[in-house]
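Chains as they are written, first to last, in the working numbering: chain A, 1 to 345; chain B, 1 to 345; chain C, 1 to 345; chain D, 1 to 345. For each residue, glycine too, the CB sits at the ideal point set by N, CA and C. Okay, so here's the structure we're looking at.
Protein chains: 4
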Amino acid sequence: MLKAAILGGSGYAGSELLRLLLSHPHVEVTAVTSERSAGTKIVDSFLHLRNTDLKFEPLDLKTLKEKADLFFLCLPHKTSQEAVAALHKAGKKVVDFSADYRIKNVKVYQDWYNTSHNFPALLKKAVYGLPEIYRKQIKKASIIANPGCYPTSAILALAPVIGKDFIDADSIIVDSKSGTSGAGRSPAQPLMFCEVNESVKAYAVTTHRHTPEIEQELSAISKKKIKIIFTPHLMPIDRGILSTIYIRLKKKVNLPGVQKLYNEFYKDEPFVRVLNNGVYPTTKAVKGTNFCDLSVFHDKRTQSLIVVSAIDNLLKGASGAAVQNMNIMCGFGETAGLLASPPSP
Amino acid sequence: MLKAAILGGSGYAGSELLRLLLSHPHVEVTAVTSERSAGTKIVDSFLHLRNTDLKFEPLDLKTLKEKADLFFLCLPHKTSQEAVAALHKAGKKVVDFSADYRIKNVKVYQDWYNTSHNFPALLKKAVYGLPEIYRKQIKKASIIANPGCYPTSAILALAPVIGKDFIDADSIIVDSKSGTSGAGRSPAQPLMFCEVNESVKAYAVTTHRHTPEIEQELSAISKKKIKIIFTPHLMPIDRGILSTIYIRLKKKVNLPGVQKLYNEFYKDEPFVRVLNNGVYPTTKAVKGTNFCDLSVFHDKRTQSLIVVSAIDNLLKGASGAAVQNMNIMCGFGETAGLLASPPSP
Amino acid sequence: MLKAAILGGSGYAGSELLRLLLSHPHVEVTAVTSERSAGTKIVDSFLHLRNTDLKFEPLDLKTLKEKADLFFLCLPHKTSQEAVAALHKAGKKVVDFSADYRIKNVKVYQDWYNTSHNFPALLKKAVYGLPEIYRKQIKKASIIANPGCYPTSAILALAPVIGKDFIDADSIIVDSKSGTSGAGRSPAQPLMFCEVNESVKAYAVTTHRHTPEIEQELSAISKKKIKIIFTPHLMPIDRGILSTIYIRLKKKVNLPGVQKLYNEFYKDEPFVRVLNNGVYPTTKAVKGTNFCDLSVFHDKRTQSLIVVSAIDNLLKGASGAAVQNMNIMCGFGETAGLLASPPSP
Amino acid sequence: MLKAAILGGSGYAGSELLRLLLSHPHVEVTAVTSERSAGTKIVDSFLHLRNTDLKFEPLDLKTLKEKADLFFLCLPHKTSQEAVAALHKAGKKVVDFSADYRIKNVKVYQDWYNTSHNFPALLKKAVYGLPEIYRKQIKKASIIANPGCYPTSAILALAPVIGKDFIDADSIIVDSKSGTSGAGRSPAQPLMFCEVNESVKAYAVTTHRHTPEIEQELSAISKKKIKIIFTPHLMPIDRGILSTIYIRLKKKVNLPGVQKLYNEFYKDEPFVRVLNNGVYPTTKAVKGTNFCDLSVFHDKRTQSLIVVSAIDNLLKGASGAAVQNMNIMCGFGETAGLLASPPSP
């Protein structure tokens with residue numbers, strides 16, 4: 001059994017991660033930290049997690065280092081930089097949920113996150129944890145930069161066609177709709193029930209920090225510099241991201257041909273499902289799962305492709321992906337602990 | 001007092017229209033029809049409408065013609081064609097909620113609605129009821145084709161810039177998110193609470209019938225043939241449409257300049273509010289109102305404008321617009337009966 | 001025009017009150033206070049209130065006293081005690097939303113609110129602002145203790161029968177379900193969207209402070225000491241209270257007879273609607289209105305009455321009631337500004 | 001591996017049952033029927049169930065009998081009567097979700113269900129499938145009458161005290177709040193999103209068919225004839241039942257003593273959790289689980305107990321209970337396939 005610890009376990013990503021790990025066949029959770037709740041039982045914060053006696057403990061790396069071999073870090077940006085470095089130095093495997101080790105270009109990181117990066121050497125070692133693209137590298141990695149939720153929904157939708165010459169790579173628009181759990185668990189008036197309920201809005205238009213992350217990965221896959229428009233929206237649902245992605249065509253294509261590309265690209269992927277022609281992804285159908293559902297449409301009138309993707313932002317968009325990455329890094333079955341069908345509706 | 005009748009009053013648009021008319025200073029509602037509910041009191045179907053003793057009556061045009069001078073038609077497509085013609089012949093004013101008199105090109109109508117148009121002469125007479133564009137014509141009209149909900153949210157967001165040479169008119173994408181009342185009140189499994197709640201999905205991708213309506217009006221304003229991509233989405237809220245609209249720029253612009261265009265264009269409009277820089281429209285802020293909130297963003301990185309608009313699909317997107325059109329046609333104050341601030345949250 | 005001010009206007013009750021007053025035919029709002037938001041425009045906090053240029057101002061009684069003749073106080077308990085006294089001394093009319101002047105027995109107030117009452121003489125002058133019971137006294141009052149939301153839903157449901165000898169007055173149970181706006185607008189984790197959504201729970205079982213308020217009024221009407229069980233619940237809706245009330249019978253009754261009692265009791269009331277036999281009150285049918293819908297059921301099997309009441313907690317349960325009280329105090333028509341039908345759904 | 005079939009699998013209970021069985025360690029699902037959807041793949045109706053290639057088949061008992069050893073029947077009342085009899089005659093084990101074999105008194109069944117019972121001998125053989133009360137009988141049973149959702153939430157909350165002399169057994173009131181999935185998946189206007197959302201209502205007051213079921217079981221446990229008041233309410237959530245239960249005391253008790261009774265009663269139960277003093281059950285904490293959370297309160301002022309229970313209506317209230325019953329009948333571990341922690345929020 002692998003000993004694993006969760007640093008920063010009082011939020012929604014942390015609690016979902018703990019839930020997955022508690023029923024994982026090859027993992028023993030040895031520590032979960034929370035500054036605010038240190039000393040209290042986890043079940044008191046998360047009534048639905050009743051199969052554990054663990055208590056939250058303070059974030060004391062010295063003590064924690066003795067307790068586990070793999071660390072999941074659900075810490076704020078910047079805080080993660082140091083913690084990853086310290087744990088790596090101690091020979092530990094790390095899966096980092098922050099953006100600190102995702103953006104490979106230090107300048108881009110500084111521009112979008114308004115802070116410097118103090119571990120550029122480590123940054124090079126870190127692998128972007130999207131198994132559908134980097135499975136080989138993840139196998140050998142010791143630091144995983146776990147992808148952002150929006151980027152996962154966008155990159156998986158675009159990967160099969162982004163390098164193709166029939167698309168206009170400068171035309172890409174990602175319009176994403178997210179559930180509210182993506183905004184975290186800290187109290188804030190805009191996240192209160194009466195503010196979110198019965199409302200839909202865009203936010204961070206032109207400025208969301210997941211933009212350079214999506215661009216970095218699309219550029220890497222296609223081997224050309226890609227810029228996108230990315231607009232996130234807040235929805236009155238607990239969880240889920242639906243991304244509607246627009247791509248202009250430079251050459252004529254037919255839909256069956258494009259669908260075949262998608263089917264081929266993902267034919268061995270355990271967690272990506274390309275839906276049949278005309279079937280629509282919904283956040284409800286992936287809620288509680290590590291799946292990404294994809295559907296491709298062809299608009300002949302405007303010579304465009306429209307790709308719709310759905311993921312659960314807390315699972316394939318965060319904690320599920322983290323477990324998938326751990327499975328690959330540690331040589332477990334890639335789907336271990338991740339295939340339970342979700343309750344529905 | 002103007003005598004007005006509502007044909008097809010058992011749905012959400014009909015009931016909202018009735019609500020508005022019941023408190024309108026210059027209107028008396030003399031008849032509301034419903035085939036299913038004929039003979040029953042309206043309050044039995046709509047518990048919130050307690051200030052009326054009206055009963056639903058059957059759709060018998062012969063009898064109805066005697067009862068009113070202006071008719072609001074909330075009837076299915078195709079059914080409306082005949083009814084509009086009959087009422088027009090009888091010298092009545094008509095506000096038609098269907099698409100039958102919106103699409104000016106009979107061929108386009110046939111292609112998208114799979115039915116022929118039998119009154120092409122009347123079609124020419126009908127005025128597209130968007131006061132911000134056609135106020136003058138509405139004043140003299142006897143047939144109003146009341147705009148679709150999505151088109152209103154898109155056209156108002158685009159009108160100030162669609163004819164400008166600094167935008168690429170071939171690049172327009174309208175990504176719209178709608179509340180469920182837009183799908184009507186007839187029972188259907190996909191509209192059941194447990195199917196819609198906690199879910200977000202796209203639908204009718206590349207095929208929604210509001211597409212040619214948006215294109216017709218954008219083409220008319222800009223005097224060039226415009227094709228757009230339009231994608232509607234279903235949200236778990238009762239009402240509201242948020243449209244996020246993407247426009248590529250052909251020339252450099254600055255945001256204050258574009259915002260000034262919007263402010264100028266709408267400076268005398270009672271129901272369009274251009275929000276200050278950085279303020280986001282939300283469906284909740286326009287819920288229960290006839291307002292359209294707009295906000296413009298400039299993405300320098302991709303040389304694009306992003307315009308976000310919010311309306312209440314049942315008001316500015318349907319019944320509120322109908323009352324506004326009636327006010328203009330009949331020489332009432334344009335805002336009569338339409339300025340009540342809504343309850344919130 | 002009556003000059004009115006709102007002290008504590010940044011919450012949901014304050015904003016709903018402002019909305020009602022802005023469209024009231026006999027009132028001019030001259031000041032709205034908010035400590036946190038002083039100096040900012042109200043529309044910046046409440047995007048839906050666009051028909052005012054008012055700014056929030058600080059709570060400086062000295063300045064405020066010059067500005068208005070009637071004051072609505074939406075202040076915390078205890079703070080209100082002093083403010084009411086100061087305004088009363090200055091000859092102003094006051095409608096107090098807090099509980100400070102509701103509970104007539106100082107000892108009871110101290111037991112449930114954990115604080116002393118420093119103005120027992122004023123307490124005697126204050127009138128409990130439930131027009132259906134105290135209309136005469138409200139007419140002559142200068143201090144109105146505006147009722148709590150739960151008490152309004154309970155007292156109106158019980159008033160017609162509470163003094164009757166056929167009921168067991170010791171058997172009363174009030175099981176209430178409230179929307180989340182009742183819990184206020186201050187950020188708190190239990191009120192976050194992801195905590196409230198898709199959840200139903202009881203809270204403050206046996207300890208809710210509205211209990212003695214309900215008991216006081218039922219005792220006053222029936223002229224005997226009444227104790228009740230009151231259990232509030234939190235629902236994932238914005239607004240509304242549904243109270244289900246259980247009363248054991250001491251003598252046989254028949255339903256038509258009891259319904260007649262209710263119809264008689266409320267026959268002249270503009271804001272209480274006794275529904276027909278078998279029609280169920282819903283929070284949606286009263287949302288956005290000042291109405292209370294009531295329905296009475298007779299369980300022959302257990303010799304009981306079950307009364308279901310529905311109100312909008314922010315209107316008949318708070319700000320609508322306050323306007324109704326003002327209307328009565330000031331000699332306006334009792335329904336002035338309160339009869340707009342609400343948008344629905 | 002046990003071969004199991006689901007008759008009536010196109011509703012929410014059926015799909016949840018299938019989900020549980022597909023991941024059950026000792027079961028192979030060999031058939032799922034649906035008259036409407038016969039011939040189509042199950043995943044086409046339930047997008048979230050992707051780990052099966054099963055198709056719906058028609059309800060042809062002759063064919064089906066060959067396919068399985070245990071049958072779950074999610075059929076309408078009355079239809080079940082015959083099907084249970086036929087399968088029992090063929091030597092099959094049956095878990096029946098309908099009420100047909102729950103009500104032991106044929107007269108009571110006829111009164112509440114308006115139909116006769118044609119298999120009174122079988123009715124005697126059938127065991128009421130509440131393991132916390134009837135575990136021994138379930139072990140030997142061949143026909144299980146799977147309990148109703150409301151009854152489970154009420155009986156588990158009352159079982160520890162119903163036979164005690166310190167309570168007034170004639171005073172019991174069960175006020176239940178249910179999610180909308182309890183109303184089934186067949187389209188109906190009152191269950192449309194826009195009707196249910198933002199609304200709370202009572203229904204079937206004094207007439208709900210679960211009333212005699214609760215009474216039968218409470219009477220059986222306490223060995224006296226018990227009548228209760230039961231009021232169900234519809235909530236705008238997908239799933240969950242919260243029951244608030246009122247019991248008058250005949251003798252003085254103290255809360256720790258009563259809580260000890262509950263803890264003792266359920267100390268070996270895998271699926272009932274008695275919460276600590278002051279902790280509130282929520283539907284969200286049991287959503288997606290087979291657990292029942294209970295909390296007991298003592299109202300000294302009115303000499304009453306208030307017990308609050310929370311279950312997931314589709315799991316402990318239906319399909320989870322069915323699997324638990326199967327586990328017991330078939331000698332599997334009682335918790336097999338039922339302990340997965342649910343996604344949350």
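Residue span of the alpha helix (DSSP H) that contains D:Cys194, given as start and end
The residue you call residue 194 of chain D lines up with position 194 of the fourth sequence. Taken as a continuous stretch (DSSP letters only), the alpha helix (DSSP H) holding D:Cys194 covers Phe193 to Val196.
Pick helix, strand or coil for C:Cys74, following the three-state DSSP scheme.
Within the third sequence, the letter at position 74 stands for residue 74 of chain C. Coil, per DSSP.
If you count every other CB in all the chains shown that lies within 10 Å of the CB of C:Asp165, and 16 or more means buried, which is it?
Reading the third sequence from its first residue, position 165 is the one you call residue 165 of chain C. So C:Asp165 ends up on the exposed side.
Chain-ordered chain A contacts of B:Ile155 [CB-CB under 8 Å]
The sequence position of residue 155 of chain B within the second sequence is 155, counting from 1. For the C-beta of B:Ile155, not a single chain A residue is nearer than 8 Å; the gap to the nearest is close to 18 Å.
Listing by chain order, which chain D residues have their CB less than 9 Å from the CB of B:Thr191?
Stepping through the second sequence from its first residue, residue 191 of chain B is reached at position 191. Thr is not the amino acid found at residue 191 of chain B; the sequence shown has Leu there. Those are Pro187, Met192, Phe193 and Cys194, listed as they occur along chain D.
Would a C-beta distance cut-off of 9 Å place D:Phe193 and B:Asn197 closer than the cut-off?
Taking the first residue of the fourth sequence as position 1, residue 193 of chain D is located at position 193. Taking the first residue of the second sequence as position 1, residue 197 of chain B is located at position 197. Yes, Cβ-Cβ distance for D:Phe193 and B:Asn197 is below 9 Å.
Closer than 9 Å at the beta carbon, the chain D residues around B:Tyr12
Taking the second sequence and counting its residues from 1, the one referred to as residue 12 of chain B is at position 12. Result: Cys194.
Determine the burial state of B:Thr211: buried for a count of at least 16 other Cβ atoms within 10 Å of its Cβ, exposed for fewer.
Along the second sequence, one-based indexing puts residue 211 of chain B at 211. If you draw a 10 Å sphere on the C-beta of B:Thr211, you find 16 or more other C-beta atoms in it, and that means buried.
Which residues of chain B have a Cβ atom closer than 8 Å to the Cβ of D:Glu198, listed in chain order?
Locating residue 198 of chain D in the fourth sequence gives position 198, counting from the first residue. Those within 8 Å of D:Glu198 in chain B are Asp238.
Distance cutoff 9 Å, beta carbons only. Does B:Thr180 sit that close to anything in chain D?
The count along the second sequence starts at 1 and reaches residue 180 of chain B at position 180. The beta-carbon of B:Thr180 is placed less than 9 Å from the nearest beta-carbon of chain D.
Can you pull the DSSP bridge partners for D:Glu28?
Numbered from its first residue, the fourth sequence carries residue 28 of chain D at position 28. Paired residues: D:Lys3.
Just tell me which of B:Ala318, B:Asn114 and B:Ala90 has its CA closest to the CA of B:Glu66.
Start at 1 with the first residue of the second sequence, and residue 66 of chain B comes out as number 66. That would be B:Ala90, whose Cα lies nearest to the Cα of B:Glu66.
Given that D:Arg273 touches chain C, what residues does it touch there, using C-beta distances under 8 Å?
The sequence position of residue 273 of chain D within the fourth sequence is 273, counting from 1. Per Cβ cutoff of 8 Å: no residues; D:Arg273 is ~15 Å from chain C at best.
What residues in its chain sit with their C-beta under 7 Å from that of A:Ser116, if we drop five residues either side in the sequence?
As a first step, residue 116 of chain A is located in the first sequence; it is residue number 116 there, counting from the start. Residues of the same chain with a CB within less than 7 Å of the CB of A:Ser116, apart from the 5 flanking positions on each side, are Gln110 in chain order.
So B:Thr180 packs on B:Leu234, CB below 8 Å; how close in whole Å?
Residue numbering aside, residue 180 of chain B sits at position 180 when the second sequence is read from its first letter. Residue numbering aside, residue 234 of chain B sits at position 234 when the second sequence is read from its first letter. About 6 Å separates the beta carbon of B:Thr180 from that of B:Leu234, a gap short enough to meet the 8 Å contact definition.
Rounded to a whole number of angstroms, what is the C-alpha to C-alpha distance between A:Cys292 and D:Asn51?
Taking the first sequence and counting its residues from 1, the one referred to as residue 292 of chain A is at position 292. Taking the fourth sequence and counting its residues from 1, the one referred to as residue 51 of chain D is at position 51. Cα-Cα distance, rounded: 15 Å.
Can B:Asp299 and A:Val174 be called in contact, C-beta distance under 9 Å?
Locating residue 299 of chain B in the second sequence gives position 299, where the first residue counts as 1. Locating residue 174 of chain A in the first sequence gives position 174, where the first residue counts as 1. Contact: no.
So what does A:Pro232 bridge to, in DSSP terms?
The residue labelled residue 232 of chain A in the question sits at position 232 within the first sequence. The partner list for A:Pro232 (beta bridge, DSSP) reads A:Ser176.
Using alpha carbons as the reference points, say which of C:Ile133, C:Asn114 and C:Lys140 lies closest to C:Lys125.
By one-based count along the third sequence, residue 125 of chain C stands at place 125. Shortest Cα-Cα distance from C:Lys125 to any of C:Ile133, C:Asn114 and C:Lys140 involves C:Lys140.
Span of the alpha helix (DSSP H) around D:Leu122
Your numbering for residue 122 of chain D matches position 122 in the fourth sequence. Start and end: Pro120 to Lys125.
Taking B:Ile245 as part of the beta strand (DSSP E), name the residues at either end of that continuous run.
Translated into positions along the second sequence, residue 245 of chain B becomes position 245. Where B:Ile245 is concerned, the enclosing beta strand (DSSP E) stretches over Ile241 to Arg248.
Contact list for the stretch 288 to 301 of chain B against chain A, Cβ threshold 9 Å
Contact annotation: in the stretch 288 to 301 of chain B, residues whose CB is within less than 9 Å of a CB in chain A are Ser295, Phe297, His298, Asp299, Lys300 and Arg301.
The stretch 312 to 345 of chain A: positions lying closer than 9 Å to chain D by Cβ
So the list reads Asp312, Leu314, Leu315, Leu339, Ala340, Ser341, Pro342, Pro343, Ser344 and Pro345, given in the order they occur along the chain.
According to DSSP, simplified to helix, strand and coil, what is C:Glu269?
Position 269 of the third sequence, counting from 1, holds the residue named residue 269 of chain C. Three-state DSSP puts C:Glu269 in coil, outside helix and strand.
Nearest candidate by alpha-carbon position, reference A:Ile221, set A:Ser15, A:Gly163, A:Gly331 and A:Leu339:
The residue you call residue 221 of chain A lines up with position 221 of the first sequence. Nearest neighbour of A:Ile221 by Cα position, chosen from A:Ser15, A:Gly163, A:Gly331 and A:Leu339, turns out to be A:Gly163.
Any beta carbon of chain B sitting closer than 9 Å to that of C:Leu17?
Here residue 17 of chain C refers to the residue found at position 17 of the third sequence. Taking Cβ atoms only, chain B never reaches closer than 9 Å to C:Leu17, which makes this a no.
Could you tell me the distance, in whole angstroms, from the CA atom of A:Ala322 to the CA atom of A:Lys136?
Residue 322 of chain A sits at position 322 when you count from the first residue of the first sequence. Residue 136 of chain A sits at position 136 when you count from the first residue of the first sequence. Answer to the nearest angstrom: the Cα atoms are 16 Å apart.
By how many angstroms is the C-alpha of D:Asn146 removed from the C-alpha of C:Ile226?
As a position in the third sequence, residue 226 of chain C is number 226, starting the count at 1. As a position in the fourth sequence, residue 146 of chain D is number 146, starting the count at 1. When only Cα atoms are considered, C:Ile226 and D:Asn146 end up about 42 Å apart.
D:Gly184 versus D:Val279, D:Ile42 and D:Leu75, residue with shortest Cα-Cα distance
For this step, residue 184 of chain D is matched to residue 184 along the fourth sequence. Of D:Val279, D:Ile42 and D:Leu75, the residue nearest in Cα terms is D:Leu75.
Rounded to a whole number of angstroms, what is the C-alpha to C-alpha distance between C:Ile328 and C:Pro131?
Reading the third sequence from its first residue, position 328 is the one you call residue 328 of chain C. Reading the third sequence from its first residue, position 131 is the one you call residue 131 of chain C. Answer to the nearest angstrom: the Cα atoms are 8 Å apart.
Determine, using beta carbons only, whether A:Gly39 and A:Arg102 come nearer to each other than 9 Å.
Reading the first sequence from its first residue, position 39 is the one you call residue 39 of chain A. Reading the first sequence from its first residue, position 102 is the one you call residue 102 of chain A. No, the Cβ-Cβ distance between A:Gly39 and A:Arg102 is not below 9 Å.
For B:Thr282, three-class secondary structure by DSSP:
Within the second sequence, the letter at position 282 stands for residue 282 of chain B. The three-state secondary structure of B:Thr282, taken from DSSP, is strand.
For B:Pro343, I'd like the list of residues in its chain whose CB is within less than 8 Å of its CB, leaving aside the five on either flank, ordered along the chain.
Counted from its first residue, the second sequence places residue 343 of chain B at position 343. Answer for B:Pro343: Gly288, listed in chain order.
Check whether the Cβ atoms of A:His208 and A:Ser142 sit closer than 9 Å, and answer yes or no.
Residue numbering aside, residue 208 of chain A sits at position 208 when the first sequence is read from its first letter. Residue numbering aside, residue 142 of chain A sits at position 142 when the first sequence is read from its first letter. No; because the gap between Cβ atoms is not below 9 Å, this pair is not in contact.
Apply the 10 Å Cβ neighbour rule to C:Gly129 and answer buried if 16 or more other Cβ atoms are within range, or exposed otherwise.
For the purposes of this step, residue 129 of chain C is taken as residue 129 along the third sequence, with counting starting at 1. With a threshold of 16 other beta carbon atoms within 10 Å, C:Gly129 meets it and is buried.
Which whole runs of the alpha helix (DSSP H) in the stretch 43 to 88 of chain B are 4 residues long or more, in chain order?
Runs of the alpha helix (DSSP H) inside the stretch 43 to 88 of chain B: 61 to 65.
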